[in-house]
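Number of protein chains: 8
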Amino acid sequence: MDETALRNLLQRVVRGTVPLDEAVARLKEAPFEQLGDMATLDTHRALRQGMPEVVLAERKTAAQVAAIARRLAAHGPLLVTRLAPEKAGVVRRAVRGSTYDPVSRTLRRGRMTIPALGPVAVCCAGTSDVPVCEEAVATLEVMGVEALRVYDVGVAGLHRLLARRHELTRARAVVVAAGMEGALPSVVGGLVGRPVIAVPTSVGYGASLGGIAALLAMLNSCSPNVTVVNIDNGFGAGFVAGLIARG
Amino acid sequence: MDETALRNLLQRVVRGTVPLDEAVARLKEAPFEQLGDMATLDTHRALRQGMPEVVLAERKTAAQVAAIARRLAAHGPLLVTRLAPEKAGVVRRAVRGSTYDPVSRTLRRGRMTIPALGPVAVCCAGTSDVPVCEEAVATLEVMGVEALRVYDVGVAGLHRLLARRHELTRARAVVVAAGMEGALPSVVGGLVGRPVIAVPTSVGYGASLGGIAALLAMLNSCSPNVTVVNIDNGFGAGFVAGLIARG
Amino acid sequence: MDETALRNLLQRVVRGTVPLDEAVARLKEAPFEQLGDMATLDTHRALRQGMPEVVLAERKTAAQVAAIARRLAAHGPLLVTRLAPEKAGVVRRAVRGSTYDPVSRTLRRGRMTIPALGPVAVCCAGTSDVPVCEEAVATLEVMGVEALRVYDVGVAGLHRLLARRHELTRARAVVVAAGMEGALPSVVGGLVGRPVIAVPTSVGYGASLGGIAALLAMLNSCSPNVTVVNIDNGFGAGFVAGLIARG
Amino acid sequence: MDETALRNLLQRVVRGTVPLDEAVARLKEAPFEQLGDMATLDTHRALRQGMPEVVLAERKTAAQVAAIARRLAAHGPLLVTRLAPEKAGVVRRAVRGSTYDPVSRTLRRGRMTIPALGPVAVCCAGTSDVPVCEEAVATLEVMGVEALRVYDVGVAGLHRLLARRHELTRARAVVVAAGMEGALPSVVGGLVGRPVIAVPTSVGYGASLGGIAALLAMLNSCSPNVTVVNIDNGFGAGFVAGLIARG
Amino acid sequence: MDETALRNLLQRVVRGTVPLDEAVARLKEAPFEQLGDMATLDTHRALRQGMPEVVLAERKTAAQVAAIARRLAAHGPLLVTRLAPEKAGVVRRAVRGSTYDPVSRTLRRGRMTIPALGPVAVCCAGTSDVPVCEEAVATLEVMGVEALRVYDVGVAGLHRLLARRHELTRARAVVVAAGMEGALPSVVGGLVGRPVIAVPTSVGYGASLGGIAALLAMLNSCSPNVTVVNIDNGFGAGFVAGLIARG
Amino acid sequence: MDETALRNLLQRVVRGTVPLDEAVARLKEAPFEQLGDMATLDTHRALRQGMPEVVLAERKTAAQVAAIARRLAAHGPLLVTRLAPEKAGVVRRAVRGSTYDPVSRTLRRGRMTIPALGPVAVCCAGTSDVPVCEEAVATLEVMGVEALRVYDVGVAGLHRLLARRHELTRARAVVVAAGMEGALPSVVGGLVGRPVIAVPTSVGYGASLGGIAALLAMLNSCSPNVTVVNIDNGFGAGFVAGLIARG
Amino acid sequence: MDETALRNLLQRVVRGTVPLDEAVARLKEAPFEQLGDMATLDTHRALRQGMPEVVLAERKTAAQVAAIARRLAAHGPLLVTRLAPEKAGVVRRAVRGSTYDPVSRTLRRGRMTIPALGPVAVCCAGTSDVPVCEEAVATLEVMGVEALRVYDVGVAGLHRLLARRHELTRARAVVVAAGMEGALPSVVGGLVGRPVIAVPTSVGYGASLGGIAALLAMLNSCSPNVTVVNIDNGFGAGFVAGLIARG
Amino acid sequence: MDETALRNLLQRVVRGTVPLDEAVARLKEAPFEQLGDMATLDTHRALRQGMPEVVLAERKTAAQVAAIARRLAAHGPLLVTRLAPEKAGVVRRAVRGSTYDPVSRTLRRGRMTIPALGPVAVCCAGTSDVPVCEEAVATLEVMGVEALRVYDVGVAGLHRLLARRHELTRARAVVVAAGMEGALPSVVGGLVGRPVIAVPTSVGYGASLGGIAALLAMLNSCSPNVTVVNIDNGFGAGFVAGLIARG
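Chains as they are written, first to last, in the numbering used here: chain A, 396 to 642; chain B, 396 to 642; chain C, 396 to 642; chain D, 396 to 642; chain E, 396 to 642; chain F, 396 to 642; chain G, 396 to 642; chain H, 396 to 642.
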């Protein structure tokens, strides 16, 4: 029951064409549709100040992704994640003006125009973590938030990280991706006074257990400003950092 | 080498009482002390806009906690976490004006005066999760951030959560604590457009594995605005939420 | 907003004392209260045909349990689970006519009167599993469902189980508790054509991992009529079996 | 030894053509064949009111599946699960009138005619969980039980689930499949007064651990009417729900 | 139905006092009782050539253990395992002539007289493993099998083990208990041509995970004559070794 | 130093061509060669009463396996395990008279002639476990021990197992392979008075964790005559059972 | 800020072209560049007495590896690890004089000339562990440290290891690689008075869990001179052993 | 057979009082005693250049520890580890001149006099890790190796660690203990060109899993000079570092 339907019903009660008891009964049944209605308003709000729906291309066919992407792109900025290169052509042709980046495996078009309080820094320990970082960067850019790349600053060579400290302190939030021992978020967390979103990556072998070692390390960080997302979840980290940057 | 020492050295170089080569050598050795110096400045900055050092009382004796707490309380607001009731008396007597809360097991005095953009909501699924929430609330209050308690709104009775939706949407960030299946952060994440800091709790038995089940659930949340901290880490969740609320 | 309030609002619209626009606005805001309303009706329904709220005494003080139990007992049958013997006296005195069973660690009073299609059999492998079974039996009895005890019928002595086959086949559902290797539900599942609710117990040592071994075995049962609840969750198993027995 | 053989033996004892001692000896040896006999009767009973044997095609060649399926189809309804598309042609040709569904990867023919008390609802959180749901639906349909599909109602968008509440409350049992954080069964469990059979799916990545995260969440559900089957086990969930629906 | 009852039934059929149809019906019902009967015979056989029922005292009260032990001791040799010292007095008084050993935590009386083909060697890596070994030794002695103790021969000092080689080669089977890295069974397995029953012990700390490290090591032994029992299961290892020694 | 060299050295001491001090020195250095010598004798003994070296083909090239197999086949019976079909041709051609079995993936020639006390039964729960069983059977046959196949007797249809009880009781040891919940060894262990060697198989999905569920179940068996080998280790189980059968 | 820049700054202060206050300010900002400077010196030192940067080829394209390798080879010895054979040609052509070894999957050129105190022994249990050992050997050789290969000395045939004892005792450190039960480091640790670097390998199946079983065993070694590196990390083990051998 | 016995045997062969064949036979049997003999020499060597036997007091009674300690102290320096305070008095009285340290829970007397090439640095992240460090320090001191304490230098405040860099670079080996995320060894490893022995500690809660998180992090260190010992194993770390420091 949307607002128009509700208004019509009440008018009929006023006019006497619908008895009061029947109106009570129908309104008692209605709320979920109304909730649906509000949820739709929520979606509009999300579109305005948050993020339009993002397409996770994994486990979908190129045709399915293309259809969904085209529909979403009609209403605002578009972001497709985890899009394998072999599916990208079909989707790019379906959405005129979209661009595909094979490193982050994202496809996008447009960006939101909500002002942010400042940039987000996106760091990683090694070059193998770059694809996860780039997914975060793509997410931030679609959200209209500036991303500062601070890559290849692993803890075994601290001077590399310390040399980039000014970029870190400019940021309103910091995304830090790391595989193997996952130590970088703790070190970064000690250098900045902002929230650090840690992303464990599946980079490593043997006892890295596909990223579990890094995940556990990050959850146990001695820096209290560190929170954690799922392994390789660059999108989630970028999204939360973007929300923070907007204030 | 602090600023005075540096200034003295340079003055001596200018005066010629220290040869240039020796100054070069001493300055090459100096940076760590200087870093130490800057780190101290960082501490000051943290005090001003972040959070003074927090005392984790676990694994410390009452006397140790009292000594540290007294020293810290001399410079600003004080927060002691995980303070067992049997140690609280000693510490409270050591810090005049401090108050102890046995539910959150925190002791504190004073609060910071940094303005925040808005409140933080703190939710939990069941009453057993309340101590973890109260640790987050205590942290927020010492940070000077308003905390909105939304307790006992577990997903098995959705209407309780939906009835509190207006408080959730007022918040700049939401802390959500839950044990057992850890589903609440996903549901809250779907209702708000702000970052959700999920805290798995050790509430449960058997296959809850001391909170691991809730932790895994939260890391796999289908709501992209959810990040996660360690099991029972109410302090960390409150701290990050407080940083976000300050913008 | 309950039915009376809704009716009043509509009457005022009809009378013209509330403008139609305002009524639309208030009704759009209302649904959660209405949902709350319906949820309350759900509770009534649950009371009538399901199960009144059950008190999990673990992590609650004797006084807290007593207060909650007294309130609930005013509206219908009462079941308190995981009530340690040292707390039982306080609670029993608070609820006149209640009885405490130290084996199942349950306290109860009264039973529901919803008719069931038939009994539920409750089996276990060894005597150490009996407390879990008795929790299921207590739950069934409060639900008003007959429970058939088939105890100590572990798979290492099949004849004991086969000798009780007639009881198993009489049941509308079978609860099977087992620790160690957790094999009993598969064997029972092969003997009956009804749902089997398997309860892994924490009975065992070493590689039983506190019941995880039995849990995994039950989840991998080759009998397709087996479903599983959490370790030592006799209440949950009894409750689901009771729902099934009611048809 | 079936009933005829037993009768013949006893007649020979009466006639004196078999000495009493020999009859005692043969009867002492006999019970397993008799048990075998009864088990066969069980099979007949299962066929009549339960479920004929189901073929799990995984790890079998197309030729093996075809041979087994043809034999089973001669005696009643047929269900083959986990049949890869590349094997389906051979099997479909072997069983005249059978149909193959590539989404659920099931092949079937016919359905049972045992009356049920009502329908079963089959829900899932996301579209990636649909194949598991469809396996449950196929199982229910072969059992002759009506299945109500309630798909794509994940907890991050509650209004979608609440809008389908009427279908859920019509059902005698609800199958709920979910990957990632596995929260949906708890939410559904709180909305209905019937048994919920939760199916964790392997949908997810990283810390989802191939479905273990969802599995643990479901085992720890705060809704007491939830029981759990193995990861991706749509058949098992459908089968148990079908048994419940028959009452 | 035991042999006498069966004989009586058949005699009545012959005499005509029981109609043939009734006899068929009763015999069709009988097998489980008959199976029970045979199982009873099995027990007798076990008593004769195997092992009488053993009492696991863990999780039982002293009174329960005493009652069971007295009953079993009336029929043959007695073995009680995992009997805590504080319960031992009650049980020892209940069974005249029994002896309690606080190291193995076993109580026993008598021994079986089945001849064995040779002795069993019982080895362990360190002195902390001795209680587990002594449980195996007690089991062997009650079975009437000679046990050769080869203790404190850990792999970090190979000469100790090699010096005891002659005892190992005399044995028909070898029980090897080890905690920590659990390497001893592999080394022993390479020295003897007999079955090695490996018992992981919970001796260790940290990454020994309560014996899981040793358990995994033993399951992966490069000596093909090694099989494994549960952590700390000295009884099981001794029992299987005793069965092997009997040939 | 072999026996000839030792004899020569002593003769030279007697003759006085080697001084006694030098002989002492050389003999003090010698033991490892002597140990080597004895180890060689061990090998001979193993060949005579145990098992010649077995070739594990996994991770070796066809050429490597062929070379090793040809060398070993020159000295006695040959067994090659885990030989993939695509490598089998090369090896079979290298060893005249050898036969390859694609089910067990073994290649062999000849058999040992050590007499055994009786046969070994080899059981499995389902047809997917047959390859593991056949590896055990091949091992037993090369050892010259009779193997009794008791296949497809899973616990969900007990009558199948009970009907084969006579074969089980004839055996001196029983190998039991099972995947999924791994319940069969416990049931078999309760039926026989002989050692049961349990082999968990990797048959299953989801929470079977590649055989870990079955492994844990077997380690926790309530039948005390069950010992366990590694997942899918049919060779090891057959080897130990063969050693037991030889007495 | 490197030494030249620092000298220039100070000279300008002396000359008066830079005010003292500005110099203080710039020097306070400078340390990280200075640290970078020192870190560069560290690199030089590492080159002189440690190890030049090593290229991990995994997850890099042949072209990327070739470019990095050519650049590094211009400054000293070169080591590339985990270089798949199909990428080796490109890299070998890029670095004139380099050699590729397909067993260790390393490519290298040159060696360091730092004197060592003695050799390093590199042991393994079986031939499947040889590739990991050869990676350690290649690392040692590039470091200019002599490597003694002691291969195929698994604990199931101790005489093989004992026969090589003299090589072990010559070594300044011992690298020991083993899969399956990972017992070899403990045994070697008991034979030598030098550090043992244990490398678990992923050789094994089933309960070896991809090397976790061996890893746990090594961490629990009863020989106190054993330390452990990641699964299959031959490079790390060789590197640490090389550092130790240099004294 | 020791050297005297061997010499006697050979003399009797020369004299003809022992036939040559008998001597051959006895010498073939002898080697293990000879090996035992050499092992004894090894012990002497260990005493001279390594470490006398260390007493692990855990799981031993005070009386047992006292007896062993007194015996060992008669032959050289003494180290007892993991000695609980309540047992310390008995042991200290048994060994005149011994001292007990309640922080490291070690008791010792004397120190070895083997010269070392330089000191060992012992670092830790937080004050809760100090007991583990002090166990390493005690071990080093008994070995006669200088220990440099570098405590409370966790990665969340890098300046503390960098300020201590000169001590780190003086050391021949570095022991690094850390709980929680276990990041410190990687950072230290990047600062020094010497072996780093990492000790995970059980300091932490929730997802630290009793030190497993730190252990995994350390095994995955991106600094190649890091090796790892068991959780809380300060003794092992100190011992290996001491061996390295001796060159």
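Yeah, the Cβ is synthetic: ideal placement off N, Cα and C, and Gly gets one too. If you're wondering where the values come from, they're calculated on a predicted model, not measured in any experiment.
(request) Buried or exposed for G492 of chain B, please, with buried defined as at least 16 other CB atoms from any protein chain shown within 10 angstroms of its CB. (result) Your numbering for residue 492 of chain B matches position 97 in the second sequence. G492 of chain B counts as exposed, since fewer than 16 other beta carbons sit within 10 angstroms of its beta carbon.
(request) Starting from A418 of chain A, find everything on chain C with Cβ-Cβ shorter than 7 Å and list it in chain order. (result) As a first step, residue 418 of chain A is located in the first sequence; it is residue number 23 there, counting from the start. Neighbourhood of A418 of chain A in chain C, by CB distance below 7 Å: L405, in chain order.
(message) Let me check understanding here. Comparing Cα to Cα, which of F:H470, F:A452, F:P619 and F:C528 lies closest to E481 of chain F?
(response) Your numbering for residue 481 of chain F matches position 86 in the sixth sequence. Residue F:A452 is the option with its Cα nearest to E481 of chain F.
(request) Compare the C-alpha of E600 of chain G against each of E:P590, E:L611 and E:L543 and name the closest. (result) As a position in the seventh sequence, residue 600 of chain G is number 205, starting the count at 1. Per the sequence shown, residue 600 of chain G should be read as Tyr rather than Glu. Taking each of E:P590, E:L611 and E:L543 in turn and checking the Cα distance to Y600 of chain G, the smallest one comes out for E:L611.
(request) Report the rounded CA-to-CA distance for I592 of chain F versus G633 of chain E, giving the unit in angstroms. (result) Your numbering for residue 592 of chain F matches position 197 in the sixth sequence. Your numbering for residue 633 of chain E matches position 238 in the fifth sequence. In a straight line, the C-alpha of I592 of chain F is about 15 Å away from that of G633 of chain E.
(message) Suppose you measure from the CA of A516 of chain C to the CA of Q406 of chain C; what does that come to, to the nearest Å?
(response) Taking the first residue of the third sequence as position 1, residue 516 of chain C is located at position 121. Taking the first residue of the third sequence as position 1, residue 406 of chain C is located at position 11. Just so you know, the alpha carbons of A516 of chain C and Q406 of chain C end up roughly 55 Å apart.
(request) Quick one: grab the DSSP three-state call for T494 of chain H. (result) In the eighth sequence, residue 494 of chain H corresponds to position 99, counting from 1. T494 of chain H: strand per DSSP, three-state reduction.
(message) Could you check whether the Cβ of V387 of chain A sits closer than 8 Å to any Cβ belonging to chain B?
(response) Because residue 387 of chain A is not part of the residues shown, which for chain A are 396 to 642, the question remains open.
(request) Starting from V623 of chain D, trace the beta strand (DSSP E) both ways and give me its first and last residue. (result) Translated into positions along the fourth sequence, residue 623 of chain D becomes position 228. Taken as a continuous stretch (DSSP letters only), the beta strand (DSSP E) holding V623 of chain D covers V621 to V623.
(message) Taking its Cβ as the centre, do 16 or more other Cβ atoms sit within 10 Å of G484 of chain C, making it buried, or is it exposed?
(response) As a working mapping, residue 484 of chain C is identified with position 89 in the third sequence. It is exposed - the Cβ of G484 of chain C has fewer than 16 other Cβ atoms within 10 Å.
(message) At the 8 Å Cβ level, is L610 of chain F part of the contact set with chain G, yes or no?
(response) The count along the sixth sequence starts at 1 and reaches residue 610 of chain F at position 215. Interface criterion met: the Cβ of L610 of chain F is under 8 Å from a Cβ in chain G.
(message) According to DSSP, simplified to helix, strand and coil, what is P510 of chain F?
(response) Looking up residue 510 of chain F in the sixth sequence gives position 115. Correct three-state label for P510 of chain F: coil.
(request) Consider the Cβ of S603 of chain E: report whether some Cβ of chain G lies at a distance smaller than 8 Å. (result) Working through the fifth sequence from its first residue, we reach residue 603 of chain E at position 208. Closer than 8 Å to some Cβ of chain G, the Cβ of S603 of chain E qualifies, so yes.
(message) Could you tell me the alpha carbon to alpha carbon distance between L579 of chain D and C519 of chain D, rounded to whole angstroms?
(response) Start at 1 with the first residue of the fourth sequence, and residue 579 of chain D comes out as number 184. Start at 1 with the first residue of the fourth sequence, and residue 519 of chain D comes out as number 124. Rounded to the nearest angstrom, the two C-alpha atoms are 8 Å apart.
(request) Pull up the CB-CB distance for L638 of chain E and R589 of chain F, whole angstroms please, since I reckon it's below 8 Å. (result) Within the fifth sequence, numbered from 1, the residue matching residue 638 of chain E stands at position 243. Within the sixth sequence, numbered from 1, the residue matching residue 589 of chain F stands at position 194. In this structure, L638 of chain E and R589 of chain F form a Cβ contact; the two beta carbons are roughly 6 Å apart against a cut-off of 8 Å.
(message) Using only the alpha-carbon positions, how far apart do V635 of chain F and A573 of chain C sit?
(response) Working through the sixth sequence from its first residue, we reach residue 635 of chain F at position 240. Working through the third sequence from its first residue, we reach residue 573 of chain C at position 178. Rounded to the nearest angstrom, the two C-alpha atoms are 30 Å apart.
(message) Taking its Cβ as the centre, do 16 or more other Cβ atoms sit within 10 Å of G411 of chain F, making it buried, or is it exposed?
(response) The count along the sixth sequence starts at 1 and reaches residue 411 of chain F at position 16. Its Cβ having fewer than 16 others within 10 Å, G411 of chain F is exposed.
(request) Sort F:V540, F:P472, F:R402 and F:M446 by Cα distance to P510 of chain F and report the nearest one. (result) Walking along the sixth sequence from the start, residue 510 of chain F turns up at place 115. Closest by alpha carbon: F:V540.
(message) Suppose the cutoff is 7 Å on Cβ atoms and the five residues either side in sequence are ignored; what does the same chain contact list for L563 of chain G look like?
(response) To locate residue 563 of chain G, count along the seventh sequence from 1; it is residue 168. Spatial neighbours of L563 of chain G in its own chain (CB-CB distance under 7 Å, excluding positions within 5 residues in sequence) are listed in chain order as A516, V545, V569, V583, L586 and V587.
(message) Less than 8 Å between CB atoms is the rule here; does S597 of chain G satisfy it with respect to chain F?
(response) Reading the seventh sequence from its first residue, position 202 is the one you call residue 597 of chain G. False, the Cβ-Cβ gap to chain F never drops below 8 Å.
(request) Would you list, in chain order, the members of the segment 518 to 551 of chain A that have their beta-carbon closer than 7 Å to a beta-carbon of chain G? (result) Under the 7 Å Cβ criterion, the segment 518 to 551 of chain A contributes S523.
(request) Give, in chain order, every unbroken run of the beta strand (DSSP E) that is at least 3 residues long and sits entirely within the segment 547 to 601 of chain C. (result) DSSP runs (the beta strand (DSSP E)) wholly in the segment 547 to 601 of chain C: 568 to 573 and 591 to 595.
(request) Could you tell me the distance, in whole angstroms, from the CA atom of L436 of chain H to the CA atom of V537 of chain H? (result) For the purposes of this step, residue 436 of chain H is taken as residue 41 along the eighth sequence, with counting starting at 1. For the purposes of this step, residue 537 of chain H is taken as residue 142 along the eighth sequence, with counting starting at 1. Confidence is the limiting factor: at L436 of chain H the pLDDT is only 36, short of 50, which leaves the residue's position unreliable, though a coordinate-based value still follows. The straight-line gap from Cα to Cα measures roughly 21 Å.
(request) Kindly indicate which three-state DSSP category V485 of chain F falls into: helix, strand or coil? (result) As a first step, residue 485 of chain F is located in the sixth sequence; it is residue number 90 there, counting from the start. In the three-state reduction of the DSSP assignment, V485 of chain F falls in the helix class, which pools H, G and I.
(message) Distance check for G552 of chain C and L474 of chain E, CA to CA, integer angstroms please.
(response) The residue you call residue 474 of chain E lines up with position 79 of the fifth sequence. The residue you call residue 552 of chain C lines up with position 157 of the third sequence. Computed Cα separation, rounded: 19 Å.
(message) By alpha-carbon positions, which one of G:L614, G:S597, G:P619 and G:F630 ends up nearest to N620 of chain H?
(response) As a first step, residue 620 of chain H must be located in the eighth sequence, where it is residue number 225. Looking at the Cα atoms, G:F630 is the closest of the given residues.
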